[in-house]
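Below: the structure, in structure tokens.
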Amino acid sequence: MRIEVANLTKRYRDADRELTVIENLSFSFPDRGSVAIIGRSGTGKSTLMHLLGALDSPSSGSVTYGDTNISTLRSDDRAAFRAKHIGFIFQFHHLLPEFNALENVALPLIMSGVSDGEAQERAAAILDKVGLAARKEHLPSQLSGGEQQRVAIARALVARPAVVLADEPTGNLDLATASEIQRLLLDINREQGSTLIIVTHNHELARSLDMVVEMHPGGALVVQEGKDGARTARSGDSV
Numbered sequence: 060m061r062i063e064v065a066n067l068t069k070r071y072r073d074a075d076r077e078l079t080v081i082e083n084l085s086f087s088f089p090d091r092g093s094v095a096i097i098g099r100s101g102t103g104k105s106t107l108m109h110l111l112g113a114l115d116s117p118s119s120g121s122v123t124y125g126d127t128n129i130s131t132l133r134s135d136d137r138a139a140f141r142a143k144h145i146g147f148i149f150q151f152h153h154l155l156p157e158f159n160a161l162e163n164v165a166l167p168l169i170m171s172g173v174s175d176g177e178a179q180e181r182a183a184a185i186l187d188k189v190g191l192a193a194r195k196e197h198l199p200s201q202l203s204g205g206e207q208q209r210v211a212i213a214r215a216l217v218a219r220p221a222v223v224l225a226d227e228p229t230g231n232l233d234l235a236t237a238s239e240i241q242r243l244l245l246d247i248n249r250e251q252g253s254t255l256i257i258v259t260h261n262h263e264l265a266r267s268l269d270m271v272v273e274m275h276p277g278g279a280l281v282v283q284e285g286k287d288g289a290r291t292a293r294s295g296d297s298v
């Protein structure tokens, strides 16, 4: 699903002053493949991800998925859109501690109206794909950090979303485990034909993706795509 941001601006009120994090940004993401978003802290990476994921609303401008401008949707419609089209993976997995791996993965399907039986069947299938078939009855506290992140990935992918947003998905893992998670994400992304957008400080992970977008203060982007080299876009430009 193609994602476009147009004249995107996000401001926050901090005490008696207004802070502009993203200003007049226009950009088109590919409708499939993988994109890394990199940059120093404070350049607006996580803010952009929240806007892309319909977790926050822009101060002005728009975020469009296909023909749907999610910026104009009501809160409940945005939630329904997220559940159907977007999967989220975070640095900290946010698994429910009282639910086992299978139940954690099945929960988004059940909340969207899928029957318990079908939800558990689909959850078991995706847990098998991420190598956790034998651990599906275990609670998060009984799993290693890498296993917990695999459960979080399975939960994000179980509904086969068109877009997967990952915010530092390997940032809390050791090097070997991070490499395994990286390979897993890319393999499933290619298999499902989705758009994978990752915020990361891991330059090895970023270089393994199809496109790298570097954010700078003031809204400038440096975009590297395939063999075409680097292009620079300023606020308000389309890339």
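Just so we're aligned: the sequence shown equals residues 60 to 298 in this note's numbering. Note that the Cβ used here is the ideal one computed from N, Cα and C, for glycine as well.
- Secondary structure at residue 115: coil, using DSSP grouped into helix, strand and coil.
- Between the alpha carbons of residue 150 and residue 89 lies a gap of roughly 24 Å.
- When beta bridges are read from the DSSP output, residue 96 appears opposite 258 and 272.
- Taking C-beta atoms under 8 Å as the contact rule, residue 112 and residue 133 fail to qualify, at a distance of about 16 Å.
- Judged by their CB atoms, residue 138 and residue 271 are not nearer to each other than the 7 Å cut-off.
- Beta-carbon to beta-carbon, residue 228 and residue 144 are separated by about 19 Å, too far to satisfy the 8 Å threshold.
- Judged by beta-carbon spacing, residue 267 lies beyond the 7 Å limit of residue 223, meaning their Cβ atoms are not closer than that value.
- Residue 120 and residue 104 have their C-alpha atoms some 17 Å from each other.
- For residue 84, the secondary structure class from DSSP, reduced to helix, strand or coil, is strand.
- Per DSSP, the continuous beta strand (DSSP E) segment holding residue 63 begins and ends at 62 to 73.
- Judged by beta-carbon spacing, residue 148 lies within the 7 Å limit of residue 212, meaning their Cβ atoms are closer than that value.
- Taking C-beta atoms as the reference points, residue 190 and residue 236 fail to come closer than 7 Å.
- In this structure, residue 195 lies near residue 161, with their beta-carbon atoms less than 7 Å apart.
- Residue environment for residue 186: buried (at least 16 other C-beta atoms within 10 angstroms of its C-beta).
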